[in-house]
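Number of protein chains: 2
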Amino acid sequence: MFTPRPIGFVNGPYANTSEIPSGLGAKHEAEGVLEILPELEPGLTDIEGFSHLIVLWEFDRAQGFELFGTPPTDDRPHGVFATRSPRRPNPIGLTIGELLRREGVKLHVRGADMLNGTPLLDIKPYLSSIPSEKLRRGWLAEAEARKGG
Amino acid sequence: MFTPRPIGFVNGPYANTSEIPSGLGAKHEAEGVLEILPELEPGLTDIEGFSHLIVLWEFDRAQGFELFGTPPTDDRPHGVFATRSPRRPNPIGLTIGELLRREGVKLHVRGADMLNGTPLLDIKPYLSSIPSEKLRRGWLAEAEARKGG
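First to last, the protein sequences are chains A and B. Just so you know, we're using our numbering here: the first sequence kicks off at 248 and counts up by one. Just so you know, we're using our numbering here: the second sequence kicks off at 248 and counts up by one.
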């Protein structure tokens, strides 16, 4: 397979995972900066036109993986591919960020829920959404219902 | 950084990229199967509860990358991070698939727009959408407007 390389790094407010909002109803409103390597700046051309970006990054501080995990949003374990756990076979994280503005190689985004210094793997434009009425959200919806009831 | 490894492979209808619908208004309705490695099957526990999955995979037949690309949806070049081009610094593809059913290690999905045999990197539950009225889609919306007008 390919050899991953950082395309840039996150400059954000979180130094430790304990500072990142988690659990049911957690809001990801933190502003952070995606700093792209200078030699890749031409690859950002026209990105300002998109309101939202899909950001892929490395869980660089996660160790190994486990096939079951208990997420902060529930008290029951689930398969790793049914969760957003950091301890995955390939430690790739995904964040949808709102692009607030671009300054050269710096992309200012809302929703930067990664640790400061996190290596970035890719940025893609967010093109379309599944309508919320078509979504089923399995154990997460059940956990929300239990908490609300 | 981490060393990627396949968590499984795509069993789908497309042998060549020329067969994959592309361009403005292309529909991705193809059904395919994500076949997960047997030793990772416990990681799929509870995935059936989600209607849609985020699938990350390797563009394993793309060679190198370019910072500008002209997508099939437009006749003008754009920065690679403002497109879904396969020729990216890290050749990671992303597909949102509708989970039709699971049979053991086989996930039957609608929207399998990858080539047959594509190595899978990760599967995550699709949890929420950005409302379409909040999305701006830059050059893609402009290209659609030019085509429609």
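Every residue gets a Cβ at the ideal spot worked out from N, C-alpha and C, and that includes glycine. Here the structure is a predicted model, which means the values were calculated and not measured.
Between residue i and the rest of its own chain, which residues show a CB-CB distance below 7 Å, the 5 nearest in sequence each way excluded?
{"i": "A:Asp307", "result": "Thr365, Pro366"}
{"i": "A:Ser269", "result": "Pro319"}
{"i": "A:Lys274", "result": "Pro268"}
{"i": "B:Thr264", "result": "Leu362"}
Check whether the Cβ of residue i lies closer than 7 Å to any heavy atom of the ligand ATP, and answer yes or no.
{"i": "A:Val352", "result": "What this structure holds is no ligand at all, so the ligand ATP is not there to describe."}
Does residue i have its Cβ less than 8 Å from a Cβ in chain A?
{"i": "B:Met361", "result": "no"}
{"i": "B:Thr292", "result": "yes"}
{"i": "B:Leu374", "result": "yes"}
{"i": "B:Pro378", "result": "yes"}
{"i": "B:Pro251", "result": "yes"}
{"i": "B:Asp369", "result": "yes"}
{"i": "B:His275", "result": "no"}
{"i": "B:Glu266", "result": "no"}
Which residues share a DSSP beta bridge with residue i?
{"i": "A:Pro372", "result": "A:Leu300"}
{"i": "A:Glu276", "result": "Bridge partners of A:Glu276: none, in fact."}
{"i": "A:Asn258", "result": "A:Val280"}
{"i": "B:Leu341", "result": "B:Leu303"}
{"i": "A:Glu350", "result": "A:Lys353"}
{"i": "B:Gly316", "result": "B:His325"}
{"i": "A:Pro366", "result": "A:Phe256"}
If you drop the 5 nearest sequence neighbours on each side, which residues of the same chain put their C-beta closer than 6 Å to that of residue i?
{"i": "B:Trp304", "result": "Gly340, Met361, Thr365, Leu367, Leu368"}
{"i": "B:His355", "result": "Val280, Leu347, Arg348"}
{"i": "A:Arg335", "result": "Phe312, Val327"}
{"i": "A:Lys353", "result": "Val280, Glu282"}
Quick check: is the beta carbon of residue i nearer than 8 Å to any beta carbon in chain B?
{"i": "A:Asn337", "result": "yes"}
{"i": "A:Tyr261", "result": "no"}
{"i": "A:Trp386", "result": "yes"}
{"i": "A:Leu347", "result": "no"}
{"i": "A:Ala392", "result": "no"}
{"i": "A:Gly296", "result": "yes"}
{"i": "A:Lys353", "result": "no"}
{"i": "A:Asp331", "result": "Just to set this straight, residue 331 of chain A is Arg in the shown sequence, not Asp. Yes, its Cβ sits closer than 8 Å to a Cβ of chain B."}
{"i": "A:Leu271", "result": "no"}
Hey, would you say residue i sits closer than 8 Å to residue j, going by beta carbons?
{"i": "B:His299", "j": "A:Ile301", "result": "no"}
{"i": "A:Phe249", "j": "B:Pro333", "result": "no"}
{"i": "A:Ile294", "j": "B:Ala392", "result": "no"}
{"i": "B:Leu374", "j": "A:Leu387", "result": "yes"}
{"i": "A:Leu271", "j": "A:Ile283", "result": "no"}
{"i": "A:Gly385", "j": "B:Pro338", "result": "no"}
{"i": "A:Arg323", "j": "B:Phe297", "result": "no"}
{"i": "B:Leu287", "j": "A:Leu287", "result": "no"}
{"i": "B:Arg357", "j": "B:Glu345", "result": "yes"}
{"i": "B:Asp321", "j": "B:Ala262", "result": "no"}
Secondary structure at residue i, three-state DSSP: helix, strand or coil?
{"i": "B:Arg223", "result": "Absent from the structure is residue 223 of chain B, since the part of chain B shown begins at 248 and ends at 396."}
{"i": "B:Pro289", "result": "helix"}
{"i": "B:Thr264", "result": "helix"}
{"i": "A:Gly358", "result": "coil"}
{"i": "B:Ser379", "result": "helix"}
{"i": "A:Arg393", "result": "helix"}
Quick one: residues in its chain with C-beta nearer than 8 Å to the C-beta of residue i, no 5 flanking neighbours on either side, listed in chain order?
{"i": "A:Pro260", "result": "Glu266, Ala277, Glu278, Gly279, Ala359, Asn363"}
{"i": "B:Ile343", "result": "His299, Leu300, Ile301, Val302, Gly358, Tyr373"}
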